[in-house]
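Asker: Line by line, the protein sequences give chains A and B.
The numbering of the first sequence is our numbering, which starts it at 453 and goes up by one.
The numbering of the second sequence is our numbering, which starts it at 453 and goes up by one.
Backbone N, C-alpha and C define an ideal beta-carbon position, used for all residues, glycine too.
These numbers come from a predicted model, not from an experiment.
Protein chains: 2
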Amino acid sequence: MKFAEQLKKLRSELHLSQDDLASQLFVSRQAVSKWENGDGTPDLKTLVKLAEILHVSLDTLVLGTKPATGDHIDSSVFVYNPTTGLYERRRGVMNFWNFLAQYWWTVIALVATIGAFFF
Amino acid sequence: MKFAEQLKKLRSELHLSQDDLASQLFVSRQAVSKWENGDGTPDLKTLVKLAEILHVSLDTLVLGTKPATGDHIDSSVFVYNPTTGLYERRRGVMNFWNFLAQYWWTVIALVATIGAFFF
DNA sequence: CATTCTTTGCAACTCCCAGTTGCGCAAATA
DNA sequence: TATTTGCGCAACTGGGAGTTGCAAAGAATG
Chain A
453 MKFAEQLKKL
463 RSELHLSQDD
473 LASQLFVSRQ
483 AVSKWENGDG
493 TPDLKTLVKL
503 AEILHVSLDT
513 LVLGTKPATG
523 DHIDSSVFVY
533 NPTTGLYERR
543 RGVMNFWNFL
553 AQYWWTVIAL
563 VATIGAFFF
Chain B
453 MKFAEQLKKL
463 RSELHLSQDD
473 LASQLFVSRQ
483 AVSKWENGDG
493 TPDLKTLVKL
503 AEILHVSLDT
513 LVLGTKPATG
523 DHIDSSVFVY
533 NPTTGLYERR
543 RGVMNFWNFL
553 AQYWWTVIAL
563 VATIGAFFF
């Protein structure tokens with residue numbers, strides 16, 4: 453059971469703060485602190501999200517063991533594009549404008565909906 | 453999250469009763485029943501023991517998949533800073549809600565601004 | 001140096017839910 | 001028919017997962 457150390461190690465390797473993790477997991481920063489200090493463990497659902505964020509298998513995250521090498525695609529790094537039918541390397545950082553480029557319709561809908569309240 | 457089905461499947465494959473599992477895990481028989489019916493999840497410590505008894509990896513038990521191969525650092529989450537000479541963290545892929553979590557104030561401002569046009 | 005900002009740990013509290021006990025119900029098995 | 005095995009559901013309880021609040025050590029910034 454190397455979860456605590458693994459978490460701290462993997463998190464620092466990604467240059468993430470406890471706060472960064474916490475916000476992505478929708479828990480408080482102190483919760484993450486407890487996990488790393490062995491003062492508690494996350495629930496299963498959160499644990500799965502953690503493994504995704506840290507890009508490791510559950511076995512690596514919890515036990516610190518290296519998983520057997522396989523030849524399948526890591527879904528956390530590649531995303532399936534239904535249009536092309538291919539696995540494509542995902543984008544990196546998404547800034548505000550990248551976001552708008554992809555979700556402009558959502559924003560419009562949001563504005564329209566909220567705007568409706570003012571009439 | 454296929455834990456419930458996986459547990460039931462793996463257990464029956466080994467011809468074990470819920471009672472058998474429960475006694476090995478030092479929990480009540482009904483606890484195992486809840487897990488299989490999706491009415492709850494075991495704690496992390498118990499989960500690890502469960503994977504051992506069932507002779508499967510945590511990923512197989514929880515996700516129904518083989519352990520991920522990509523237990524490596526995703527270089528796309530780093531950017532090189534020529535000034536500091538260091539690799540610094542940058543944010544990964546954002547989904548809609550992650551975005552809102554960080555830019556909710558911007559969205560509010562945006563809505564307010566656009567809304568002003570209607571008055 | 002003084003002053004913020006960032007990152008983290010610890011104490012105290014709340015309350016949710018994992019686990020328990022108890023009961024009932026089908027199927028086997030004798 | 002009785003008995004055993006295997007399982008699910010309702011009701012309850014206690015521990016701990018998560019929270020807020022406070023404080024400290026470094027790192028920036030001026």
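For B/LEU510 and A/LEU496, which I take to be in contact (beta-carbon distance under 8 Å), what is that distance rounded to the nearest angstrom?
Answerer: Taking the second sequence and counting its residues from 1, one reaches residue 510 of chain B at position 58. Taking the first sequence and counting its residues from 1, one reaches residue 496 of chain A at position 44. Their Cβ separation, rounded to whole angstroms, is 10 Å, which puts B/LEU510 and A/LEU496 out of contact at 8 Å.
Asker: I'd like to know whether the C-beta of A/LYS497 is nearer than 8 Å to at least one C-beta of chain B.
Answerer: On the first sequence, position 45 is the one that residue 497 of chain A refers to. Yes, its Cβ sits closer than 8 Å to a Cβ of chain B.
Asker: Under three-state DSSP, which class holds B/PHE455?
Answerer: For the purposes of this step, residue 455 of chain B is taken as residue 3 along the second sequence, with counting starting at 1. In this structure, B/PHE455 counts as helix in the three-state DSSP scheme.
Asker: Buried or exposed: which applies to A/ARG612, given that a residue is buried once 16 or more other Cβ atoms fall within 10 Å of its Cβ?
Answerer: Absent from the model: residue 612 of chain A. The displayed extent of chain A is 453 to 571, so no value can be given.
Asker: Whole angstroms is fine: what's the gap from B/ALA474's alpha carbon to A/GLU504's?
Answerer: Start at 1 with the first residue of the second sequence, and residue 474 of chain B comes out as number 22. Start at 1 with the first residue of the first sequence, and residue 504 of chain A comes out as number 52. Between B/ALA474 and A/GLU504, the C-alpha separation is close to 30 Å.
Asker: Taking Cβ positions only, does A/ASP471 come closer than 8 Å to chain B?
Answerer: Taking the first sequence and counting its residues from 1, the one referred to as residue 471 of chain A is at position 19. No, no contact with chain B.
Asker: By the 10 Å Cβ neighbour count, where 16 or more other Cβ atoms means buried, how is B/GLU465 classified, buried or exposed?
Answerer: The count along the second sequence starts at 1 and reaches residue 465 of chain B at position 13. Looking at its Cβ environment, which holds fewer than 16 other Cβ atoms inside 10 Å, B/GLU465 is exposed.
Asker: Apart from the five residues on each side of it in sequence, which residues of its chain come closer than 6 Å, Cβ to Cβ, to B/LYS486?
Answerer: What you label residue 486 of chain B is simply residue 34 of the second sequence in a count that begins at 1. Around B/LYS486: GLY492.
Asker: Could you have a look at B/ASP495 and say whether DSSP puts it in helix, strand or coil?
Answerer: As a first step, residue 495 of chain B must be located in the second sequence, where it is residue number 43. Coil at B/ASP495, not helix or strand.
Asker: If you draw a straight line from the alpha carbon of B/VAL479 to that of A/PRO494, how long is it in whole angstroms?
Answerer: As a working mapping, residue 479 of chain B is identified with position 27 in the second sequence. As a working mapping, residue 494 of chain A is identified with position 42 in the first sequence. Rounded to the nearest angstrom, the two C-alpha atoms are 20 Å apart.
Asker: Could you tell me whether any Cβ in chain A is nearer than 8 Å to the Cβ of B/LEU510?
Answerer: In the second sequence, residue 510 of chain B corresponds to position 58, counting from 1. Chain A contact via Cβ: present.
Asker: Which residues in the same chain as B/ALA484 place their Cβ atom closer than 7 Å to its Cβ, once the five residues preceding and following it in sequence are excluded?
Answerer: Residue mapping note: residue 484 of chain B aligns to position 32 of the second sequence, counting from 1. Reading off the sequence, residue 484 of chain B comes out as Val, not Ala. Cβ neighbours of B/VAL484 beyond the five flanking positions: GLN470, LEU473, ALA474.
Asker: With a threshold of 16 other CB atoms inside 10 Å of the CB of A/HIS507, please say whether the residue is buried or exposed.
Answerer: If you number the first sequence from 1, residue 507 of chain A lands on position 55. Buried, by the Cβ-count rule.
Asker: Please return the same chain residues whose Cβ sits closer than 6 Å to the Cβ of A/GLY516, not counting the five positions on each side in sequence.
Answerer: The sequence position of residue 516 of chain A within the first sequence is 64, counting from 1. Closer than 6 Å at the Cβ level, and outside the excluded window around A/GLY516, lie LYS454, GLN458.
Asker: Using a Cβ-Cβ cutoff of less than 7 Å, which residues in the same chain neighbour A/HIS467 once the five nearest sequence positions on both sides are dropped?
Answerer: In the first sequence, the residue the question calls residue 467 of chain A occupies position 15. No residues qualify anywhere along the chain.
Asker: Near B/LYS501, what residues of its chain come up, given a Cβ to Cβ distance below 7 Å and the 5 sequence neighbours on each side ignored?
Answerer: On the second sequence, residue 501 of chain B is found 49 positions in, with the first residue counted as 1. So the list reads LEU477, once near-sequence residues are dropped.
Asker: Helix, strand or coil for B/THR565? Go by DSSP, reduced to three states.
Answerer: For the purposes of this step, residue 565 of chain B is identified with residue 113 of the second sequence, where counting begins at 1. In the structure shown, B/THR565 sits in a helix (DSSP, three-state: H, G or I).
Asker: If you measure from the beta carbon of B/VAL500 to each beta carbon in chain A, is any gap under 8 Å?
Answerer: By one-based count along the second sequence, residue 500 of chain B stands at place 48. Taking Cβ atoms only, chain A reaches closer than 8 Å to B/VAL500, which makes this a yes.
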